[in-house]
Every structure is written in structure tokens, then in C-alpha cells.
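K.L.:
I have a structure I would like to understand better, so I am pasting it below and will then ask my questions one at a time.
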Amino acid sequence: MKLHFDHALVTQLLAHAEAAKEHTSTFDQLYEPTFLKDGKETQSPSYDDIDLTKVPAGLMLVGDNGIYLMSNGKPALKDPERTGNLIAYAFEADPQKQPDDWWHVKQAAFGGDDGAEFLAAKAIRNALEATKGGRFWLDVSPTRISSPYLAPPRRKPALASKK
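The letter at position 87 of the sequence shown is residue 1457 when you use the numbering used here, and the numbering goes up by one with no holes.
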């Protein structure tokens, strides 16, 4: 299901993540040995075992009370108008704007369980560039997340010289 987000807000969230020196990890990233503090095991790690300077910058796609994007930068980016972190809701799954539909959209796109998926900064940057002048979008299903990107320019084949 294609989900649309405010382009300028996603740009702001990404800028925050990229400027941060530390980053929050997702649950799945707990089990990535490269993110663990030196000497920690991977069998049953906790968030205290993560070296936040090793977690890469990016956004988290969260499915719980709606579907939204948030920066993984620490300290968190606070919302100046509300309590909590600044987030970018998917227009289709915003409980405030879609009170009758957000839950069904969340189920169809994200699945029944709540959670957070890490999206790398490079992928978000490419998708922002590909959607410039419009709405940022992600195609989300319970098993897959894809984003638009600009293909590199194709090289024209060199012309054969006549001899």
C-alpha cells in the first residue's frame, strides 16, 4: 500500500538524524553484533548493550497508533506544538485526520503487530530526491517496504568511428 508523507517534514526528520552523533536502535538492531558495545554478547542483548554511536542515521517507520516516520537521532527531536517527539504521519494512517480509517490502513500496510522498522538515511535521501516537488511516499506491506529512487543516468553508447 502506498503511504504518503509530508515531504518537508520528512526532510526535517532526516536532517535531525544525520546531524545526531548517537542514534536509537530498533528491536531488530539489538541483534546486530556491529552495534553492540565492545565485549557484549548477542544471545539476549538489551538496549543498554548498544553503542549508540555505532547505530547508523536514518528514520524509523513505526506502526502503532497509526503509521508514522520519526528520526532515530538522539536526543529525540521534540514536537514544538505537542508533547512527545516530532513525527510525520502517513496521510492515510493518521488517527487525527482519518479517525475512521487509520486502523484498517495500519493493518493492511503494517500488519497486526506494532513495531518499528529502520530505514537507512541514504534510502530516504534518494526517495526524497525522487519525490521532489510532490509528496514523499513509501510502498509498505507487512513483509516489504520499498521507496522511489532516481535511476542513475544512462550512458549513451559511443558511436563507432568510420575508418
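In this text, a Cβ means the ideal position worked out from N, Cα and C, and glycines have one as well.
Take P1465 and list the residues in its own chain whose beta-carbon comes closer than 7 Å to its own, dropping the five residues that flank it on each side.
P.N.:
Against the sequence shown, residue 1465 aligns to sequence position 95. Around P1465: N1435, G1436 and W1472.
K.L.:
If I'm right that R1495 touches H1374 with Cβ under 8 Å, what's the distance once you round it to whole angstroms?
P.N.:
If you number the sequence shown from 1, residue 1495 lands on position 125. If you number the sequence shown from 1, residue 1374 lands on position 4. With a Cβ gap of about 18 Å, R1495 and H1374 do not count as contacting.
K.L.:
Cutting at 7 Å between CB atoms, please list the residues of its own chain near A1490, excluding the five before and the five after it.
P.N.:
By one-based count along the sequence shown, residue 1490 stands at place 120. P1426 and G1428.
K.L.:
If you measure between the beta carbons of L1383 and I1515, is that distance less than 8 Å?
P.N.:
The count along the sequence shown starts at 1 and reaches residue 1383 at position 13. The count along the sequence shown starts at 1 and reaches residue 1515 at position 145. For L1383 and I1515, no; Cβs fall outside 8 Å.
K.L.:
Check E1487 in the structure and name its three-state DSSP category.
P.N.:
Reading the sequence shown from its first residue, position 117 is the one you call residue 1487. If DSSP states are grouped into helix, strand and coil, E1487 belongs with the strands.
K.L.:
Just grab the DSSP bridge partners of S1441 for me.
P.N.:
Reading the sequence shown from its first residue, position 71 is the one you call residue 1441. Note: S1441 sits in a beta bridge opposite L1429.
K.L.:
Pick from S1416, T1381 and E1411: whose alpha carbon is nearest that of S1395?
P.N.:
Here residue 1395 is taken as the residue at index 25 of the sequence shown, counted from 1. Comparing Cα-Cα distances from S1395 to each of S1416, T1381 and E1411, the minimum goes to S1416.
K.L.:
Return yes when the Cβ of K1467 is within less than 8 Å of the Cβ of A1390, no when it is not.
P.N.:
Counting from one through the sequence shown, the residue named residue 1390 turns up at place 20. Counting from one through the sequence shown, the residue named residue 1467 turns up at place 97. No.
K.L.:
Confirm, please, whether the CB-CB distance from F1405 to Q1413 is below 8 Å.
P.N.:
For the purposes of this step, residue 1413 is identified with residue 43 of the sequence shown, where counting begins at 1. For the purposes of this step, residue 1405 is identified with residue 35 of the sequence shown, where counting begins at 1. Not a contact, by the Cβ cut-off of 8 Å.
K.L.:
So A1460 and L1379 are supposed to be a Cβ contact under 8 Å. How far apart are they, rounded?
P.N.:
To locate residue 1460, count along the sequence shown from 1; it is residue 90. To locate residue 1379, count along the sequence shown from 1; it is residue 9. 11 Å between Cβ atoms; not a contact.
K.L.:
Considering Cα atoms alone, identify which of P1518, Y1438 and E1451 is closest to G1485.
P.N.:
Translated into the one-based positions of the sequence shown, residue 1485 becomes position 115. Comparing Cα-Cα distances from G1485 to each of P1518, Y1438 and E1451, the minimum goes to Y1438.
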